[in-house]
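*Asks:* Residue numbers (numbering that gives the first Met the number 0), protein chains in the order written: chain A, 0 to 405; chain B, 0 to 304.
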Amino acid sequence: MRFYEFESRRIIELAGIPVTKYGFCKTAAEAREAAAEIGGPVVIKSQVLSGGRMKAGGVKFADSPEEAETHAADILELEINGHMPRGVLVDPKAEVKQEYYAGVVWDTTAKCPLMLFSDMGGIDIEQVAEEHPDHVGQGHLVSALVDPPEFRAKEVIAGAGVSGRALTRATPILTRLARLFRDYDMTLAEINPLAELADGSFVALDAHMEMENEAVGRHEQLLREHLEIAPDDTRETYEPSEFERNVAAIDAADHRGVIQGRDHGFTGNLGLVIGAGGGSLTLTDAVRSQGGKPANYSEIGGNPSVAKACGLAKQVLEKEGVEKIAVMMSIVSNTRVDIVARGVIKACLELGRDPAETIAIFRIPGAWEEEGFKILERYGVEYCDRSVSMWEAAGRAVEKIQGGAA
Amino acid sequence: MSILLSDDFTFIVQGITGREAVNLTRECLDYGSKIVGGVTPGRKGREVHGVPVFDTVAQAVENHGEEIDGSVVTVPPAFTKDAVFEAILNDIKLIVIVTERIPRGDVAEMVQLASLRGARIIGPNCLGLIAPGVGKMGGIGGPARDAAKAYAAGPVGVMSRSGGMTTEISSSLTQAGLGVSTAVSIGGDAIIGSTYAELMPYFEADDQTEAIVIYTEPGGRMEAELAEWMAENESRLPIVAFMAGKFMDDEEMKGMSFGHAGTIVEGKEDTATEKIARLESAGIRVVERIDEIPDAVKEKLGVTA
Numbered sequence: 000m001r002f003y004e005f006e007s008r009r010i011i012e013l014a015g016i017p018v019t020k021y022g023f024c025k026t027a028a029e030a031r032e033a034a035a036e037i038g039g040p041v042v043i044k045s046q047v048l049s050g051g052r053m054k055a056g057g058v059k060f061a062d063s064p065e066e067a068e069t070h071a072a073d074i075l076e077l078e079i080n081g082h083m084p085r086g087v088l089v090d091p092k093a094e095v096k097q098e099y100y101a102g103v104v105w106d107t108t109a110k111c112p113l114m115l116f117s118d119m120g121g122i123d124i125e126q127v128a129e130e131h132p133d134h135v136g137q138g139h140l141v142s143a144l145v146d147p148p149e150f151r152a153k154e155v156i157a158g159a160g161v162s163g164r165a166l167t168r169a170t171p172i173l174t175r176l177a178r179l180f181r182d183y184d185m186t187l188a189e190i191n192p193l194a195e196l197a198d199g200s201f202v203a204l205d206a207h208m209e210m211e212n213e214a215v216g217r218h219e220q221l222l223r224e225h226l227e228i229a230p231d232d233t234r235e236t237y238e239p240s241e242f243e244r245n246v247a248a249i250d251a252a253d254h255r256g257v258i259q260g261r262d263h264g265f266t267g268n269l270g271l272v273i274g275a276g277g278g279s280l281t282l283t284d285a286v287r288s289q290g291g292k293p294a295n296y297s298e299i300g301g302n303p304s305v306a307k308a309c310g311l312a313k314q315v316l317e318k319e320g321v322e323k324i325a326v327m328m329s330i331v332s333n334t335r336v337d338i339v340a341r342g343v344i345k346a347c348l349e350l351g352r353d354p355a356e357t358i359a360i361f362r363i364p365g366a367w368e369e370e371g372f373k374i375l376e377r378y379g380v381e382y383c384d385r386s387v388s389m390w391e392a393a394g395r396a397v398e399k400i401q402g403g404a405a
Numbered sequence: 000m001s002i003l004l005s006d007d008f009t010f011i012v013q014g015i016t017g018r019e020a021v022n023l024t025r026e027c028l029d030y031g032s033k034i035v036g037g038v039t040p041g042r043k044g045r046e047v048h049g050v051p052v053f054d055t056v057a058q059a060v061e062n063h064g065e066e067i068d069g070s071v072v073t074v075p076p077a078f079t080k081d082a083v084f085e086a087i088l089n090d091i092k093l094i095v096i097v098t099e100r101i102p103r104g105d106v107a108e109m110v111q112l113a114s115l116r117g118a119r120i121i122g123p124n125c126l127g128l129i130a131p132g133v134g135k136m137g138g139i140g141g142p143a144r145d146a147a148k149a150y151a152a153g154p155v156g157v158m159s160r161s162g163g164m165t166t167e168i169s170s171s172l173t174q175a176g177l178g179v180s181t182a183v184s185i186g187g188d189a190i191i192g193s194t195y196a197e198l199m200p201y202f203e204a205d206d207q208t209e210a211i212v213i214y215t216e217p218g219g220r221m222e223a224e225l226a227e228w229m230a231e232n233e234s235r236l237p238i239v240a241f242m243a244g245k246f247m248d249d250e251e252m253k254g255m256s257f258g259h260a261g262t263i264v265e266g267k268e269d270t271a272t273e274k275i276a277r278l279e280s281a282g283i284r285v286v287e288r289i290d291e292i293p294d295a296v297k298e299k300l301g302v303t304a
């Protein structure tokens with residue numbers, strides 16, 4: 000789950016990391032008030048879940064509350080990379096002496112979080128690591144099992160070549176960042192820039208946090224009470240399509256088995272009723288590599304009911320431009336072949352379509368296959384068992400649909 | 000031989016009274032595995048397919064009278080870390096975590112405690128492992144009859160990020176007359192207990208294994224880690240790899256997860272194209288099509304097709 004900047008700031012504030020006195024505003028009038036309260040020059044920043052804000056004109060400076068209001072009005076209307084802002088953040092324009100970077104990420108190979116620190120803040124850390132590796136300090140938390148100790152944060156900061164008061168002041172900040180990363184199951188926690196002001200104090204000027212989706216359920220207090228995020232505000236990277244919403248609703252209506260459907264980025268004529276995780280990836284590639292044009296991606300697993308398999312097949316068949324469907328899976332042991340066969344045939348019949356014409360190929364070997372194949376035979380649907388590979392089955396489906404189109 | 004499992008290998012099932020656990024207990028017993036107990040708090044005194052149920056792992060160990068080799072953990076995600084800690088601290092050395100949707104912070108803690116206590120974790124989000132003719136631990140391959148059909152004993156070690164594809168690939172090796180030494184469903188999450196590179200030494204030490212097949216996906220650094228392992232070790236084992244999810248390299252698929260939680264392209268290092276290049280530079284044969292695997296293995300083994 001991705002957080003907006005104003006939420007990320009609130010998270011680090013709760014963890015005891017100093018932030019500037021900022022205001023989150025939903026209207027231009029509120030921005031004017033916030034600027035007046037702050038007094039002096041301010042920055043107006045678009046609150047949008049997308050990078051490249053500065054380049055897109057989503058960050059502007061104002062010397063007066065009136066100017067802040069004008070800029071806020073513009074920014075609130077500005078779409079950035081397909082996303083509209085949730086509001087604007089009004090922040091005092093800080094007198095910055097030096098910008099730093101502080102971050103914590105997962106090192107999945109070491110299976111432990113990694114702390115990063117640099118005295119070249121304000122730019123992308125990957126770029127700094129590439130061009131100035133001596134300006135980046137890094138180190139794993141001592142162990143995933145214990146609270147991150149302060150000495151390791153100190154080592155990381157020293158590793159970036161930082162000493163003196165800057166080191167002693169930044170150490171508790173990086174330590175707290177590492178602790179909140181662990182406490183809140185973050186997959187990313189960054190403060191960039193972390194600013195050293197003219198008086199030597201440190202303050203976070205921008206922050207970026209992401210929480211692991213699997214952990215959202217155990218941080219209700221943070222999400223609902225402190226951040227006031229609605230439970231249905233899932234922060235998908237794109238708006239789900241009608242097909243995706245319908246498939247999700249069918250899945251949610253029945254606890255047996257799991258179905259998923261995606262059509263973001265797919266515009267072909269061959270509907271895919273496929274499974275499970277790895278099988279779906281393999282089959283989607285196999286269709287595309289043989290010149291086929293998938294209309295969607297899907298996953299069937301965990302032994303769904305006839306109604307669920309039927310529901311998915313119907314949604315796929317009703318997508319615009321879909322001519323035929325291919326029903327394919329890797330060898331199944333839990334999901335039953337006969338149930339999926341019944342489901343997809345039912346979908347065809349209910350839509351008034353001939354299963355033999357509509358189902359380009361049925362390739363699901365495994366549990367209850369004899370029963371499944373009998374049903375398919377009755378309706379004249381072409382099917383195959385494990386002696387036909389997933390590649391070949393996909394190829395047969397492509398051949399049928401290309402032949403039909405010609 | 001086989002890796003990790005043996006004829007006298009014993010294990011328990013944690014969460015044994017759950018629907019899926021009851022099924023996998025039946026399947027494993029039918030396949031000849033030795034399940035010596037099950038654990039579900041509050042259900043002591045019951046039986047699942049003749050397997051005695053206990054409240055704690057310690058009770059199961061006490062009842063068995065000696066150390067238990069393994070545990071299959073099937074408890075819900077919120078309780079998995081605790082169940083795994085309990086297994087590790089009762090000296091269980093091989094733990095298969097079936098449960099999905101466990102936050103990676105929990106997985107990291109489990110893996111670190113396991114390594115401190117000399118235990119190994121397979122998974123989470125996996126179907127377990129099978130050594131044909133020896134035993135199976137987890138739902139891999141399904142009912143004993145189906146597992147026997149897909150898995151014949153042979154010289155190929157299989158490791159896969161997808162549980163279903165472990166069986167699909169093993170079945171094709173069986174059909175081709177090759178067979179499998181041990182097949183491990185390693186799990187589809189971003190952080191897992193045992194990666195390809197971490198399991199390689201076991202296959203390396205196994206007399207039966209003469210070649211390795213891996214099934215891989217975009218996302219993560221596991222393939223890069225294997226390539227590094229290959230560069231640093233003089234392995235006797237040729238490796239054939241298959242990469243699924245090449246369509247995820249398309250620009251509009253960036254940042255989207257498909258199939259498994261760990262299958263998401265976040266940086267340029269974890270795209271399918273980049274991974275294939277890395278594996279190939281380490282001398283690993285990456286096949287384009289899933290059905291090319293058996294012949295590629297035969298070629299590596301010098302067997303005429």
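Beta carbons are placed, not taken as given, at the ideal position from N, Cα and C, and that holds for glycine.
#1: Would you identify the three-state DSSP class for residue 124/A, choosing helix, strand or coil?
#2: Answer with yes or no whether the minimum CB distance from residue 298/A to chain B is below 8 angstroms.
#3: Residues of chain B with CB under 9 angstroms from residue 287/A, in chain order?
#4: Bridge partners of residue 161/A, per DSSP?
#5: Can you tell which of 64/A, 8/A and 272/A has the C-alpha that lies nearest to the C-alpha of residue 295/A?
#6: Quick one: what's got a C-beta closer than 6 angstroms to residue 103/A's C-beta in the same chain, skipping five residues either side?
#7: Do residue 187/B and residue 113/B have their beta-carbon atoms positioned less than 8 angstroms apart in this structure?
#8: What are the boundary residues of the beta strand (DSSP E) that residue 215/B is part of?
#9: Check the DSSP bridge columns for residue 242/B and list the partner residues they point to.
#10: Could you name the residues of chain A that residue 158/B contacts, counting a contact when the two beta carbons are closer than 9 angstroms?
#11: Determine the chain B residues that contact residue 228/A at a beta-carbon separation under 8 angstroms, and present them in chain order.
#12: Using 8 angstroms as the limit for Cβ to Cβ distance, is residue 110/A near chain B?
#13: Does the Cβ of residue 93/B have 16 or more other Cβ atoms within 10 Å, making it buried, or fewer, making it exposed?
#14: In the DSSP output, which residue or residues are listed as bridge partners for residue 106/A?
#15: Helix, strand or coil for residue 62/B, going by three-state DSSP, please let me know.
#16: Please name the residue in 283/B, 198/B, 294/B and 108/B whose C-alpha comes closest to that of residue 158/B.
#17: Could you tell me which of 281/A, 165/A, 194/A and 317/A sits nearest to residue 243/A, measuring between CA atoms?
#18: Can the beta-carbon of residue 66/A be found less than 8 angstroms from the beta-carbon of residue 30/A?
#19: Quick check on DSSP: helix, strand or coil for residue 57/A?
#20: For residue 166/A, does the three-state DSSP call read helix, strand or coil?
#21: Got a sec: which bits of the region 314-337 of chain A sit with their beta carbon under 8 angstroms from any beta carbon on chain D, in order along the chain?
#22: Closer than 8 angstroms, CB to CB, is residue 250/A near chain B or not?
#23: Please report how far the alpha carbon of residue 17/B lies from the alpha carbon of residue 140/A, in whole angstroms.
#24: How is residue 201/A classed by DSSP in three states: helix, strand or coil?
#25: Per the DSSP calculation, residue 152/B is bridged to which residue(s)?
#26: Is the CB of residue 280/B under 8 angstroms away from at least one CB in chain A?
#27: So for residue 70/A, helix, strand or coil by DSSP?
#28: Cβ closer than 9 angstroms: which chain B residues qualify as neighbours of residue 366/A?
#29: Provide the residue span of the beta strand (DSSP E) that contains residue 186/A, from first to last.
*Replies:* So, from the listed chains and residues:
#1: Taken through DSSP and simplified to helix, strand or coil, residue 124/A comes out as helix.
#2: True, the Cβ-Cβ gap to chain B drops below 8 angstroms.
#3: Under the 9 angstroms cutoff, chain B gives 245 and 246.
#4: DSSP links residue 161/A through a beta bridge to no other residue.
#5: Of the residues 64/A, 8/A and 272/A, the one whose Cα lies closest to the Cα of residue 295/A is 272/A.
#6: These residues qualify, in order along the chain: 112, 114, 176, 177, 180 and 188.
#7: Against a cut-off of 8 angstroms, the Cβ pair of residue 187/B and residue 113/B comes out as no contact.
#8: Counting along the chain, the beta strand (DSSP E) containing residue 215/B begins and ends at 210-215.
#9: Looking at the DSSP assignment, residue 242/B forms a beta bridge with 215/B.
#10: Under the 9 angstroms cutoff, chain A gives no residues; its nearest Cβ is about 13 angstroms from residue 158/B.
#11: Residues of chain B passing the Cβ test: none, with the nearest at roughly 18 angstroms.
#12: Closer than 8 angstroms to some Cβ of chain B, the Cβ of residue 110/A qualifies, so yes.
#13: With 16 or more neighbouring CB atoms inside 10 Å of its own CB, residue 93/B falls in the buried class.
#14: Checking the DSSP bridge columns, you'll see residue 106/A partnered with 111/A.
#15: Here DSSP, grouped into helix, strand and coil, assigns residue 62/B to helix.
#16: Residue 198/B is the option with its Cα nearest to residue 158/B.
#17: Minimum Cα distance to residue 243/A is reached at 317/A.
#18: No, the Cβ-Cβ distance between residue 66/A and residue 30/A is not below 8 angstroms.
#19: Coil.
#20: In this structure, residue 166/A counts as helix in the three-state DSSP scheme.
#21: Looking at the structure shown, chain D is missing, and the protein chains on hand are A and B.
#22: Taking Cβ atoms only, chain B never reaches closer than 8 angstroms to residue 250/A, which makes this a no.
#23: Looking at the two C-alpha atoms, the distance is approximately 36 angstroms.
#24: In the three-state reduction of the DSSP assignment, residue 201/A falls in the strand class, which pools E and B.
#25: 179/B.
#26: For residue 280/B, the answer is no, since every Cβ of chain A falls outside 8 angstroms of its Cβ.
#27: If DSSP states are grouped into helix, strand and coil, residue 70/A belongs with the helices.
#28: Within 9 angstroms Cβ-Cβ: 141, 142 and 145.
#29: Element bounds for residue 186/A: 185-196.
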